[in-house]
Amino acid sequence: APTVASQPTTAPADPSAITPILVTTVLEVGEQRIAFLLVTSKGLVTTPTAQVTPVYLDGGGSEGPTMEAAFNLWPYGVRGSYSTYANFDRPGRWRLDVQVDNPDGVDQIQIEVEVLEKSPVPALGSIAPLSLTKTLDNQGSIEKLTTDYSPDPDLYRLSIKEAVENPLPSVVVFASPAFCTNAVCGPQVEVLQELKNNFAADANFVHVDFYDNPREIQGDLTKARLSPAVLEWGLPSIEWTFVIDVDGIVSARFEAFATYEEVEQELRQLL
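Start counting the sequence shown at 126; every next residue gets the next number (my numbering).
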């Protein structure tokens, strides 16, 4: 298991204690986005910034540089996460030493993570798989394409292959809106829709439902089949966003929920 900070079902009994919830469980050698939530028995820690120091544990505990992680409030104001980028120079066990200004007491937490030599998920700088995902054109009905209750047809006009091969950058979201239930999952398809509304002429925006048979599984996940593209992209968890440049290279990836501002910043760098 890549993290000791698994999703807690209850807040800690000690009111001053902080429980971290790791958002990014797939980490590999190189520059990686790290995101996490911090929770106390009183609720979410929302201090604007936290300091994160990566420490390599296999062989002496050498420290990397300390980075500042910014707090991003999620839509609807209920949850929020800290995120920053860290450079992991070798695989193995690492610890993230997190310091945050917590008005209720304890302000230091440690999160252990496993950094892989290479993960199955397309890495930054790699070529995006040219998945022939379903579109409105070849399916005819939007209910066959998404579990979203109020889908935007524009997000289902292109397959991933068509988006990656045309001369615009692309934002691709893998998510299943009706089954977004855990602590690190958020309204990612709404973020994609907002990006599309603001950058429609500049980039492609594609939603791929995590499940291949959305119409059959409303309210019953036991019948679910994973979308072939989820398997092609090696995705182990239920919500991912990729920003892909005009050459089909993955320039950013986000595991679990990423805010509009986070994704927009990566897209703007390509425009």
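Every residue, glycine too, gets a C-beta built ideally from N, C-alpha and C.
{"Asked": "Pair within 7 Å by beta-carbon distance, T174 and E188", "Found": "no"}
{"Asked": "According to DSSP, residues forming a beta bridge with Y336", "Found": "L351"}
{"Asked": "Length-filtered (4 minimum) alpha helix (DSSP H) runs lying within the region 203–272", "Found": "261–264"}
{"Asked": "Exposure of A130, with buried meaning 16 or more beta-carbon neighbours within 10 Å", "Found": "Because A130 carries a pLDDT of 49, less than 50, the predicted location of this residue cannot be relied on, and the following value inherits that uncertainty. With 16 or more other Cβ atoms within 10 Å, it is buried."}
{"Asked": "C-alpha gap between V333 and L356, whole angstroms", "Found": "12 Å"}
{"Asked": "CA nearest to the CA of D273, picked from S208, F304, Q264, R204", "Found": "F304"}
{"Asked": "Whether R218 touches D262 by CB criterion (7 Å)", "Found": "no"}
{"Asked": "Counted within 10 angstroms of its Cβ, other Cβ atoms place Y281 as buried (16 or more) or exposed", "Found": "buried"}
{"Asked": "Spatially closest choice to E319 from V309, P254, F330, G311, by CA coordinates", "Found": "F330"}
{"Asked": "Three-state secondary structure (DSSP) of Q394", "Found": "coil"}
{"Asked": "Local Cβ density within 10 Å of D327, reported as buried at 16 or more and exposed below that", "Found": "exposed"}
{"Asked": "The region 153–169 / the region 229–244 touching (three or more Cβ pairs under 8 Å)", "Found": "yes"}
{"Asked": "Candidates N307, F299, E341: closest to A354 by CA position", "Found": "F299"}
{"Asked": "Start-to-end residues for the beta strand (DSSP E) that takes in F161", "Found": "155–165"}
{"Asked": "Three-pair Cβ contact test at 8 Å for the region 311–318 versus the region 339–349", "Found": "no"}
{"Asked": "Within 7 Å, strictly: CB atoms of S88 and V375", "Found": "Here the chain covers residues 126 to 396 and nothing more, so residue 88 does not appear."}
{"Asked": "Residues bridged to G168 [DSSP beta-bridge criterion]", "Found": "T165"}
{"Asked": "L392 versus R378 - alpha carbon distance", "Found": "11 Å"}
{"Asked": "Where K259 falls, given that 16 or more other Cβ within 10 Å makes a residue buried", "Found": "buried"}
{"Asked": "Buried versus exposed call for Q394 [16 or more other C-beta atoms within 10 Å across all chains shown]", "Found": "exposed"}
{"Asked": "Per-residue burial, T134 [other beta carbons within 10 Å of its own, 16 or more giving buried]", "Found": "Below a pLDDT of 50, predicted positions are generally treated as unreliable, and T134, at 47, falls in that range; the measurement from the model is reported next regardless. So T134 counts as exposed."}
{"Asked": "8 Å contact criterion, which S301 and I369 should meet: CB distance rounded", "Found": "The Cβ separation is near 21 Å, so there is no contact."}
{"Asked": "A325, buried or exposed, once every other Cβ within 10 Å from all chains shown has been counted against 16", "Found": "exposed"}
{"Asked": "Buried versus exposed call for P294 [16 or more other C-beta atoms within 10 Å across all chains shown]", "Found": "buried"}
{"Asked": "Proximal residues to I267 (C-beta, below 8 Å), its chain only, five neighbours per side dropped", "Found": "L261, P276, P278, Y281"}
{"Asked": "Unbroken beta strand (DSSP E) run spanning F196, endpoints", "Found": "192–198"}
{"Asked": "Whole-angstrom C-beta distance between G311 and F382, which should lie under 8 Å", "Found": "3 Å"}
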